[in-house]
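Asks: Take this structure, written in structure tokens, and hold onto it; I'll ask about it next.
Chains as they are written, first to last, in UniProt numbering: chain A, 1 to 557; chain B, 1 to 557.
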């Protein structure tokens with residue numbers, strides 16, 4: 001076996017460097033630990049012992065739930081000891097997250113979403129305080145945790161833990177199990193902050209992450225921060241939102257028989273949710289459309305649930321105030337044996353990618369080809385989940401009526417398509433056009449030294465554009481020029497819309513390539529707030545029979 | 001609040017019908033259960049009490065690991081009591097799985113893969129014994145478990161459980177956590193068969209699925225069946241495989257700097273793995289290509305691991321005989337705190353979709369446009385993971401050198417592409433051409449009443465076709481006609497290849513659209529078995545220092 005003679009020389013190699021290093025670090029904090037339990041007051045010292053310069057660190061960093069105590073402790077470590085950390089964060093949401101870069105503790109950032117911190121990220125990038133690895137869609141970032149971004153340390157948040165490290169996340173399971181798995185199974189170190197530590201597993205409502213995956217738990221000084229990101233006050237919904245919602249129901253959902261779908265945040269989709277029990281009911285669509293949902297527990301979905309429209313909702317995360325309502329509707333929401341909801345962003349993103357008929361989103365800017373971005377000058381907002389759900393997954397093989405309905409040829413090798421709908425008013429509230437010549441993202445990408453422009457959803461993935469003017473059925477376009485003309489026809493008086501020859505509109509309508517409200521039986525005059533099943537947060541509370549408990553900032557009574 | 005007045009009428013609705021029904025069923029088997037522990041001898045009676053006609057039932061049914069005891073017990077229930085089950089199975093692998101349909105216990109099937117049972121499925125379909133919901137790629141099927149295919153009962157397999165139901169899956173975690181989650185969090189019933197029941201959680205090596213997700217555990221009469229699907233004996237690798245492996249390394253991996261990748265089963269990719277330590281080493285490519293892997297623990301990867309080529313391997317499942325080797329290489333493989341490997345098909349498929357540069361596969365048939373299928377007349381083989389990994393995920397946003405290298409325009413809105421390589425000999429061993437005028441799948445799809453032909457990987461998703469003749473760089477094609485000509489130029493003397501005008505070849509080569517071995521510095525004369533780092537299973541064992549323990553059927557010594 002001549003070729004295998006190379007083997008013995010390799011036998012010197014050590015194959016457990018990660019495990020050995022983990023043991024060394026665990027040993028270094030043994031004095032602070034009682035089993036897996038750490039004391040909050042020791043955490044700065046503990047982190048200085050558990051981390052090493054250059055470590056890849058996952059800091060949760062979710063869309064809603066934040067490991068905020070651990071983030072605060074991390075900002076207090078000595079940057080002479082701990083520096084050049086490579087942070088991997090689904091969501092960069094708190095000032096502390098960026099303080100880590102300002103203080104020289106962290107250096108590189110891979111992330112998915114940056115809401116309120118988007119301006120500061122761009123500024124830090126320009127100032128050379130921060131280096132961006134890449135911006136991802138959520139599950140793309142999780143995927144890399146198992147390939148080329150496996151973390152050394154993962155810090156997460158949960159509601160409760162026992163003294164063996166078993167973790168109860170509560171309804172906000174979100175990204176936690178996925179983040180933990182990437183370290184627990186590659187000799188990384190896992191630390192969970194919790195609101196409460198109990199003695200025994202029998203004191204936990206349920207176990208969301210087993211104790212054998214978690215190295216340390218620490219009770220934080222106050223409950224973790226969680227933001228009600230998905231609460232839309234119906235009072236702010238305007239008649240134009242109602243008009244667009246009516247168009248969506250008739251011209252997209254009814255037309256294509258959309259049975260499973262994702263809604264994001266936004267007043268347009270909130271309006272759809274709120275007119276299902278009124279307008280949708282009048283059209284006799286209950287049970288025919290919108291049965292299986294993939295979305296956060298939106299308060300505006302309550303009337304549709306209460307009137308029997310909704311068979312199931314699988315959630316990315318929880319929503320503050322909706323805990324009791326979701327727990328009381330276990331036929332609809334995914335709940336554990338203890339009765340509280342379980343969310344799971346990785347599985348829900350998977351569901352939103354592969355198992356639903358339709359994604360409907362909104363954007364701040366869209367160009368004449370349908371490319372869109374929420375990156376505007378000076379802000380690196382990231383992508384979140386939209387790129388994942390806002391494209392047609394070519395690996396899908398199961399048919400549904402809506403998916404098949406988008407086939408436009410007789411080719412036996414044709415396949416269906418996921419519906420990717422962009423629903424936008426032609427102008428933003430501030431009077432800026434939504435539909436523009438060129439995305440700001442192109443300039444931002446170049447200025448930031450990114451290899452590609454940070455496009456949220458690419459035009460060639462968009463099947464429908466819905467504005468207050470009409471619907472462009474882009475999946476029917478037979479050429480790029482036709483596609484542009486269709487989009488321009490519904491672009492109103494934006495620069496793109498003004499370039500459109502109104503004479504073309506009649507032809508596009510006749511060919512079924514675009515539809516105006518009257519073409520799909522939508523009466524503009526009927527589009528007013530009286531169609532909303534709930535007109536205020538108080539109405540939602542009443543619909544929920546008092547189970548929905550909105551956060552104070554949404555209470556006006 | 002006039003519109004909300006509809007609400008009170010709805011208050012009559014019961015919102016916990018699933019939970020109530022689950023309680024009723026649990027009550028019905030209380031006499032058999034000691035906590036969550038059931039006795040094997042009671043299982044037929046237990047299943048008759050836990051199931052109801054028409055239930056959606058997940059039966060694991062994995063690529064490798066099988067809940068075979070539970071499948072056998074299910075075949076023995078009384079079809080007068082339990083019938084019309086809707087089975088949801090990642091893999092239909094055992095005769096018992098189809099016996100369920102023959103006996104009238106099951107009626108409908110949603111699945112991903114059917115290896116040895118593919119012929120019988122097609123026959124049953126024709127005989128009207130079985131109705132196919134759809135054939136899916138793995139994670140597409142998991143996704144539907146959280147949307148429109150949530151199961152009533154899930155039956156899985158693990159190595160060990162304790163008397164609280166905590167489950168240790170061993171290295172073959174595979175699909176288990178995902179399947180369990182879909183029922184555990186929607187009031188479904190979860191039953192796990194295990195090889196051994198221990199008293200306490202501290203007696204388990206680790207917990208893979210928490211006890212609070214599992215309703216019942218039962219010790220099976222013999223250890224669960226597991227098949228070494230990914231073991232390829234190097235003795236069967238032919239010089240043509242070595243030639244194609246050399247071409248892949250130079251013309252694809254080196255050319256595009258492929259750092260992260262998936263390999264499926266097949267002798268071609270096994271040959272690539274086995275010549276990395278020889279041919280790859282000579283080319284100075286170590287550390288530059290093939291660093292992060294997404295694949296089952298292939299024995300043929302051992303020499304590349306031992307010679308330091310491989311930084312990480314995340315696994316879909318385990319491989320029989322590789323348990324000890326993987327456990328001894330924790331820097332490379334994902335292992336738990338107990339030291340044994342943890343696989344996870346959902347996360348690994350996610351990694352294979354979103355985080356790797358390249359998918360390389362093989363197929364039984366490919367048409368002139370690059371569409372391929374493993375469905376041949378009379379066999380409904382299913383898809384497994386290939387459609388998911390064998391396409392360009394349009395939700396990907398992070399760049400890598402390989403991904404960027406496939407951009408062919410200056411458009412600032414251009415994006416990279418995942419490399420999807422089909423590596424096929426132009427003829428099968430039996431002398432049938434691989435590259436054909438029309439896929440058998442088209443006729444099979446029509447005969448089976450499927451709405452679409454069961455295509456494994458669509459031509460428009462394929463970026464490279466590699467045959468023993470050369471490489472067609474299909475991503476460079478500027479038209480459909482050019483694409484066809486490129487593929488025909490490497491199609492040898494198949495009907496498609498014979499239609500090709502050899503004069504065109506020179507032009508395609510000059511334009512870099514196709515490459516023959518000599519164009520990429522591959523010497524045909526060097527393509528022989530002496531390049532294989534291991535030439536037999538015994539060599540692999542030696543490379544592994546005796547850690548790899550091949551199943552008896554692969555032992556010839």
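No residue lacks a Cβ here, since even glycine has one placed at the ideal position from N, Cα and C. Computed from a predicted structure; not experimentally measured.
Please confirm whether residue 455 of chain B has its beta-carbon closer than 8 Å to some beta-carbon of chain A.
Replies: yes
Asks: May I have the straight-line CA-CA distance separating residue 551 of chain A from residue 104 of chain A, to the nearest angstrom?
Replies: Taking the Cα positions, residue 551 of chain A is about 36 Å away from residue 104 of chain A.
Asks: Report yes if the C-beta distance between residue 112 of chain B and residue 95 of chain B is below 8 Å; otherwise report no.
Replies: no
Asks: Is residue 369 of chain B closer than 8 Å to residue 483 of chain B when the C-beta atoms are compared?
Replies: yes
Asks: Tell me whether residue 169 of chain B is buried or exposed, calling it buried when 16 or more other Cβ atoms sit within 10 Å of its Cβ.
Replies: buried
Asks: Just checking residue 130 of chain B against the ligand SAH - is the residue's beta carbon closer than 7 Å to any of the ligand's heavy atoms?
Replies: Looking at this structure, you won't find the ligand SAH or any other ligand, since it has none at all.
Asks: To which residues does DSSP link residue 314 of chain A through a beta bridge?
Replies: For residue 314 of chain A, which the question treats as bridged, DSSP gives the partners A/294.
Asks: Since residue 353 of chain B meets chain A, which of its residues come closer than 8 Å, beta carbon to beta carbon?
Replies: 143 and 395
Asks: Identify the continuous alpha helix (DSSP H) that holds residue 323 of chain A and give its terminal residues.
Replies: 323-327
Asks: Please report how far the alpha carbon of residue 468 of chain B lies from the alpha carbon of residue 261 of chain B, in whole angstroms.
Replies: 21 Å
Asks: Express the C-alpha separation of residue 235 of chain A and residue 537 of chain A in angstroms, rounding to a whole number.
Replies: 8 Å
Asks: Can you confirm whether residue 290 of chain B, when its beta carbon is compared against all beta carbons of chain A, has any partner nearer than 8 Å?
Replies: no
Asks: Helix, strand or coil, according to DSSP, for residue 256 of chain A in the structure here?
Replies: helix
Asks: If the cut-off is 7 Å on Cβ atoms, which residues from the stretch 110-136 of chain B count as contacting chain A, listed in chain order?
Replies: 134, 135 and 136
Asks: Taking only beta-carbon positions, decide if residue 147 of chain A is within less than 8 Å of chain B.
Replies: yes
Asks: Give the DSSP-derived three-state secondary structure of residue 505 of chain A in the structure shown.
Replies: Three-state DSSP puts residue 505 of chain A in a helix.
Asks: Taking only the alpha-carbon atoms, compute the straight-line gap between residue 248 of chain A and residue 289 of chain A and give it to the nearest angstrom.
Replies: 12 Å
Asks: Taking the straight line between their C-alpha atoms, what separation do you get for residue 18 of chain B and residue 331 of chain A?
Replies: 6 Å
Asks: Could you tell me how far apart the beta carbons of residue 355 of chain A and residue 146 of chain B are, in whole angstroms, since I believe they sit closer than 8 Å?
Replies: 7 Å
Asks: Give, in chain order, every residue of the stretch 320-344 of chain A whose Cβ lies closer than 8 Å to some Cβ of chain B.
Replies: Correct list: 328, 329, 330, 331, 332, 334, 335, 336, 337, 338, 342 and 344.
Asks: I need the DSSP call for residue 536 of chain A, collapsed to helix, strand or coil.
Replies: Residue 536 of chain A falls in the coil class under three-state DSSP.
Asks: Where does the unbroken alpha helix (DSSP H) through residue 242 of chain A begin, and where does it stop?
Replies: 239-248
Asks: Identify the continuous beta strand (DSSP E) that holds residue 90 of chain B and give its terminal residues.
Replies: 85-91
Asks: With residue 182 of chain B as the anchor, note down where its alpha helix (DSSP H) starts and where it stops.
Replies: 176-184
Asks: Compare the C-beta of residue 263 of chain B against all C-beta atoms of chain E and say whether one is closer than 8 Å.
Replies: This model lacks chain E altogether, as its protein chains are A and B.
Asks: Taking the runs of the alpha helix (DSSP H) that are 4 residues or longer, which of them lie wholly in the stretch 449-499 of chain B?
Replies: Within the stretch 449-499 of chain B, the runs of alpha helix (DSSP H) that reach at least 4 residues and sit entirely inside it are, in chain order, 480-489 and 495-498.
Asks: Beta-carbon within less than 6 Å of residue 336 of chain B's beta-carbon, same chain only, minus the 5 sequence neighbours each way: which residues are those?
Replies: 206 and 342
Asks: If you check the beta carbons only, do residue 138 of chain A and residue 445 of chain A fall under 8 Å apart?
Replies: no
Asks: Using the Cβ count rule (16 or more neighbours within 10 Å means buried), how would you classify residue 493 of chain B?
Replies: exposed
Asks: Is it buried or exposed for residue 433 of chain A, if we count other Cβ within 10 angstroms and need 16 for buried?
Replies: buried
Asks: Evaluate residue 571 of chain A with the Cβ neighbour count: other Cβ atoms within 10 Å of its Cβ, from every protein chain shown; 16 or more gives buried, anything less gives exposed.
Replies: In the structure displayed, chain A extends from 1 to 557; residue 571 of chain A sits before or after that span and is not available.
Asks: Could you compute how far the alpha carbon of residue 117 of chain B sits from the alpha carbon of residue 373 of chain B?
Replies: 17 Å
Asks: Do residue 466 of chain A and residue 275 of chain A have their beta-carbon atoms positioned less than 8 Å apart in this structure?
Replies: no
Asks: Can you list the residues of chain B that residue 392 of chain A reaches, using a CB-CB cut of under 8 Å?
Replies: 394
Asks: Can you tell me the Cβ-Cβ gap for residue 69 of chain B and residue 98 of chain B, rounded? I've got them flagged as a contact below 8 Å.
Replies: With 8 Å as the limit, residue 69 of chain B and residue 98 of chain B do not qualify as a contact, their Cβ atoms being about 17 Å apart.
Asks: Cα-Cα, which of B/243, B/512 and B/230 is closest to residue 317 of chain B?
Replies: Nearest Cα to residue 317 of chain B within the set B/243, B/512 and B/230: B/230.
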